[in-house]
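To keep things clear, I will list the structure first and then write my remarks on it.
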Amino acid sequence: MKKILFVFLICFKASTIYASEVWSGYATVPAGMGWPDYTMHIKLILDDSAGDSGRYEGRVELTGQMKCRSEVDLLFLTINNRNIEVRSKPLPTPGCGYFYFKGSVVDGEWIGKMPWNGRQNELIFKKH
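Per the working numbering: the sequence shown = residues 164 to 291.
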């Protein structure tokens, strides 16, 4: 019985250590070079809470019909006076740059713009 309890406690502790906050959204972005626009899905996975600094750590996942789909660590995510700014480290695919978002916290959502292929694209993140 003690072994079962010990294993349960270890598993519970591990799950609380890796607990994270997930925000996701999507945007219709230009493909460029005459190709039709496509939908990009974006997921922000934040580690724990920001604490007093207002700065989060975590990663961003980009998926969709594009060559730049990937998962990469965040360089920063800050929330200050209902303004939010997110930037990732460089995406691993050459020529893809990095993920960037700037917006505001409105009614529990993050609403703003994401530059992609020369256009400012509307993006709304919702918490899961």
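Using N, Cα and C, we set each Cβ at its ideal position, and we do this for glycine too.
Query - Segment limits, beta strand (DSSP E) that includes GLY221 - result: 218-227
Query raised in the report: Is the beta carbon of PRO193 less than 9 Å from the beta carbon of ASN246?
Result: Between PRO193 and ASN246, the C-beta gap is not smaller than 9 Å, which leaves the two residues out of contact.
**Report entry** Spatial distance of GLU272 from CYS231 (CA atoms)
**Finding:** The alpha-carbon atoms of GLU272 and CYS231 are separated by roughly 25 Å.
Query raised in the report: Which word fits SER251, buried or exposed, when buried means at least 16 other C-beta atoms lie within 10 angstroms of its C-beta?
Result: buried
Query raised in the report: When burial is assigned at 16 or more other CB atoms within 10 Å of the CB, is TRP186 buried or exposed?
Result: TRP186 counts as buried, since at least 16 other C-beta atoms from the protein chains shown sit within 10 angstroms of its C-beta.
Report task. Give every residue of the same chain whose Cβ lies closer than 7 Å to the Cβ of VAL268, excluding the five residues on either side of it in the sequence, and list them in chain order. Result -> ILE242, ARG245 and ILE247
Query raised in the report: CA-CA distance, ASP131 and PHE288?
Result: With the chain represented from 164 up to 291, any question about residue 131 goes unanswered, as that position is not in the structure.
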